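Top to bottom, those sequences are chains B and Y. Numbering follows the working numbering, with no gaps: position 94 of the first sequence is 94. In short: position in the second sequence from 1, add 114, done, that's the working numbering. See structure below.
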Amino acid sequence: GESVGLHLPTLSVQEGDNSIINCAYSNSASDYFIWYKQESGKGPQFIIDIRSNMDKRQGQRVTVLLNKTVKHLSLQIAATQPGDSAVYFCAETDTQGGSEKLVFGKGTKLTVNP
Amino acid sequence: ETGVTQTPRHLVMGMTNKKSLKCEQHLGHNAMYWYKQSAKKPLELMFVYNFKEQTENNSVPSRFSPECPNSSHLFLHLHTLQPEDSALYLCASSAWGGAWETQYFGPGTRLLVL
């Protein structure tokens, strides 16, 4: 089965609110995690990443939190804007079998209401 | 734009047709990837090329045939496809092919197999 999944398939927020998108993973050996954003008609776009030796990393308006104890990853978007409406994917490295490749979750669709 | 272009953006083909998808990256990267994105499913890695050599074939049916003539170009040759192959095909590139790297995605080719 999938080693990466999302708690909620859709999330609707009001403009200006903070958004939290969650992701669970099952591979305790994963050591690198990435969040991607995919807008309609476009390919996934890198947002932020975090390595397993960290529990928090901040970017511009975005923060990623990693809880290795419960194998949980979250993306926080501050002051959500209409341009943030997209599908958000988490991904982890999968080093099993000697190959290193990204394994993606199904995605959460974020809708920002004006 | 991400520096990764894909053509065509949309393609409709019959099951007996032969077509090719093209990807070009202008980032000076050495690794290129093909992914399949189906509705309600996670991104599925298909192939990885590193310095023009195929390093990953994720159990992809032989009706999909990749070609990487140089580090900047990647093709996916399609023949005798099935309707279930209808999906968004995404190309990506990264600097060296390591799982710790950011992958930059193109906009994808939306394929419909009739």
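Backbone N, C-alpha and C fix where the C-beta goes; we use that ideal spot for every residue, glycine too. Only a predicted model underlies this, so the values are computations on that prediction, with no experimental measurement involved.
Quiz item: How many Å lie between E92 of chain B and L102 of chain B at the Cα?
Solution: Within the first sequence, numbered from 1, the residue matching residue 92 of chain B stands at position 92. Within the first sequence, numbered from 1, the residue matching residue 102 of chain B stands at position 102. Distance between the alpha carbons of E92 of chain B and L102 of chain B: 5 Å.
Self-check item: Cβ-based contacts, 9 Å cut-off: residues of the region 21-46 of chain B near chain Y
Solution: In summary, the residues of the region 21-46 of chain B whose CB is separated from some CB of chain Y by less than 9 Å are D31, Y32, I34, Y36, Q38, G41, K42, G43, P44, Q45, F46, in the order they occur in the chain.
Quiz item: Taking 8 Å as the CB-CB limit, is T93 of chain B close to chain Y?
Solution: Along the first sequence, read from residue 1 onward, the residue named residue 93 of chain B stands at position 93. Answer yes: the Cβ-Cβ gap between T93 of chain B and chain Y drops below 8 Å somewhere.
Quiz item: Under a CB-based cut-off of 8 Å, is K101 of chain B close to chain Y?
Solution: Reading the first sequence from its first residue, position 101 is the one you call residue 101 of chain B. So, interface residue.
Quiz item: With a cut-off of 8 Å, does the C-beta of G59 of chain B fall near any C-beta of chain Y?
Solution: Looking up residue 59 of chain B in the first sequence gives position 59. False, the Cβ-Cβ gap to chain Y never drops below 8 Å.
Self-check item: Secondary structure, beta strand (DSSP E): runs of 3+ residues fully inside the region 76-105 of chain B
Solution: 86-94, 101-104
Quiz item: To which residues of the same chain is S186 of chain Y closer than 7 Å at the C-beta, ignoring the five residues directly before and after it?
Solution: Residue numbering aside, residue 186 of chain Y sits at position 72 when the second sequence is read from its first letter. Excluding residues within five positions, the ones whose Cβ falls inside 7 Å are E138, Q139.
Quiz item: Using 8 Å as the Cβ pair cut-off and three pairs as the minimum, do the region 141-155 of chain Y and the region 174-190 of chain Y touch?
Solution: yes
Practice problem: Taking only beta-carbon positions, decide if E198 of chain Y is within less than 8 Å of chain B. | Solution: Residue 198 of chain Y sits at position 84 when you count from the first residue of the second sequence. Not one chain B Cβ lies under 8 Å of E198 of chain Y.
Quiz prompt | N67 of chain B versus T130 of chain Y - alpha carbon distance | solution = As a working mapping, residue 67 of chain B is identified with position 67 in the first sequence. As a working mapping, residue 130 of chain Y is identified with position 16 in the second sequence. Spanning the two alpha carbons is a distance of roughly 49 Å.
Quiz prompt | Contacts of Q139 of chain Y in chain B (Cβ-Cβ under 9 Å) | solution = Walking along the second sequence from the start, residue 139 of chain Y turns up at place 25. Here the premise fails: no neighbours, minimum Cβ distance about 12 Å.
Quiz item: Any idea which residues DSSP pairs H140 of chain Y with across the strands?
Solution: The count along the second sequence starts at 1 and reaches residue 140 of chain Y at position 26. Answer by DSSP bridge pairing: none, since H140 of chain Y is not bridged.
Quiz item: Would a check of beta-carbon distances place S3 of chain B closer than 8 Å to chain Y?
Solution: By one-based count along the first sequence, residue 3 of chain B stands at place 3. Confidence at S3 of chain B is low in this model, with a pLDDT of 44, below 50, so its placement is unreliable and the value that follows should be read with caution. Taking a beta-carbon distance threshold of 8 Å, S3 of chain B does not count as an interface residue toward chain Y.
Quiz item: Comparing the C-beta of Q168 of chain Y with each C-beta of chain B, is any distance below 8 Å?
Solution: Here residue 168 of chain Y refers to the residue found at position 54 of the second sequence. By this cut-off, Q168 of chain Y is not an interface position.
Self-check item: D94 of chain B to F104 of chain B span [Cα, whole Å]
Solution: Counting from 1 along the first sequence, the entry for residue 94 of chain B is found at position 94. Counting from 1 along the first sequence, the entry for residue 104 of chain B is found at position 104. D94 of chain B and F104 of chain B have their C-alpha atoms roughly 10 Å apart.
Quiz item: So, helix, strand or coil for D199 of chain Y, using DSSP?
Solution: In the second sequence, counting from the first residue as 1, residue 199 of chain Y sits at position 85. Here D199 of chain Y carries a helix assignment [DSSP, helix/strand/coil].
Quiz item: In three-state terms, what does DSSP make of V13 of chain B?
Solution: Translated into positions along the first sequence, residue 13 of chain B becomes position 13. Reduced to three states, the DSSP call for V13 of chain B is strand.
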